[in-house]
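Undergrad:
In our numbering, the protein residues as written are 269 to 512.
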C-alpha cells in the first residue's frame, strides 16, 4: 500500500508540474462541446446525450494521450529504466497511473458539465451529472488499460501518431460524434462491437437513468479483461526485452 501511494503521489506531482501537457488534454473535450454540442436544439434527446458523448471523449483522450503517448515517451527516459529495476514496482506503478488518469478524467468531465450548464440548451441536473461522473470513473478503467497497452506497444516517436490512428476512428465508430441512429446501416452494424460504443451506451443510459443492454454490459467487461491481458503481456515483453 505504501509503495502504491508513493507511486500515485509521484505520478500526480509529475503531471501537475507539466501543465502545458495536461491542460490541453482536459480542456479540449469541453471546447469541442462548447463549439458543437451546445448548439444542438433543446428538442429531442440529442442535446443531453451530447454531454455524455463528449464526456466519454474526455475519458478516451486522457487514456490515449496521458497514459498512451506520454507513457511511451516516459518509458524511454533513464528514470523509467531505473524505476523498473525496483522490486515489485510494475503493478503499483500501473495502478498509480490509472488512479491519476481517473482523477484527470473527472476534472475533464466536470469541465464538460460546466460547459453544458453555461452554454447548453438543456443542461443535466445534479442527479444526472453525478451518475455520469460515476460512469466515467468506471469506464476510465478499460480506457486506461487500453492506453497502457498502447504505451508498451509503440515507441516514443510512434505512440502519438498511433494514438490518433486508433482514437479518432474509434470515437467516430462509437457514435461519439454522430448519434448511432443517424449512422449508415453498415457503420451502425460495426459500431455495436466497438468499446467506444459500449462506453457511450453506459454514459447515455446514465443520463437517461436506464440500464444498458446486456450485450453492452458483457461487451465492456470482455474488453476490460482483454485490454488488461494485453497490457500485461506487452509490459512483460517490454521487461524481457530491456532487462532480460
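Glycine included, C-beta positions come from ideal geometry on N, C-alpha and C.
What is the DSSP secondary structure of residue 465, counted as helix, strand or coil?
TA: helix
Undergrad: By alpha-carbon positions, which one of 445, 428 and 461 ends up nearest to residue 342?
TA: For the set 445, 428 and 461, the Cα lying nearest the Cα of residue 342 is the one of 428.
Undergrad: Tell me where the alpha helix (DSSP H) around residue 276 begins and ends.
TA: 270 to 284
Undergrad: In the structure shown, what three-state DSSP assignment does residue 334 receive?
TA: helix
Undergrad: May I ask you to verify whether the stretch 412 to 423 touches the stretch 326 to 336, counting CB pairs closer than 8 Å and requiring at least 3?
TA: With a cut-off of 8 Å, the stretch 326 to 336 and the stretch 412 to 423 count as touching, because enough Cβ pairs lie within range.
Undergrad: Alpha carbon to alpha carbon, what distance is there between residue 324 and residue 304?
TA: 15 Å
Undergrad: To which residues of the same chain is residue 362 closer than 8 Å at the C-beta, ignoring the five residues directly before and after it?
TA: 416, 499 and 503
Undergrad: Which of the three DSSP states is assigned to residue 443 in this structure?
TA: coil
Undergrad: List the endpoints of the continuous alpha helix (DSSP H) containing residue 478.
TA: No alpha helix (DSSP H) contains residue 478, which DSSP labels as neither H nor E.
Undergrad: Alpha carbon to alpha carbon, how far is residue 438 from residue 432? Give it in angstroms, no decimals.
TA: Straight-line measurement puts the Cα of residue 438 at about 10 Å from the Cα of residue 432.
Undergrad: Got a sec? Which residues, its chain only, sit under 8 Å from residue 469 by beta carbon, not counting five neighbours each side?
TA: Same-chain partners within the cutoff: 480, 481 and 484.
Undergrad: Does the contact criterion of 3 or more C-beta pairs under 8 Å hold for the stretch 398 to 408 versus the stretch 366 to 383?
TA: Output reads yes: the stretch 366 to 383 touches the stretch 398 to 408.
Undergrad: Once the 5 residues before and after residue 466 are set aside, which same chain residues still bring their CB inside 6 Å of it?
TA: 484, 487 and 488
Undergrad: Ends of the alpha helix (DSSP H) at residue 456?
TA: 453 to 459
Undergrad: Evaluate residue 435 with the Cβ neighbour count: other Cβ atoms within 10 Å of its Cβ, from every protein chain shown; 16 or more gives buried, anything less gives exposed.
TA: buried
Undergrad: By DSSP, does residue 424 sit in helix, in strand, or in coil?
TA: coil
Undergrad: Counting only the same chain and skipping the five closest in sequence on each side, list residues whose C-beta sits under 6 Å from that of residue 344.
TA: 424
Undergrad: With distance defined between alpha-carbon atoms, name the residue in 405, 376, 454 and 477 nearest to residue 297.
TA: 376
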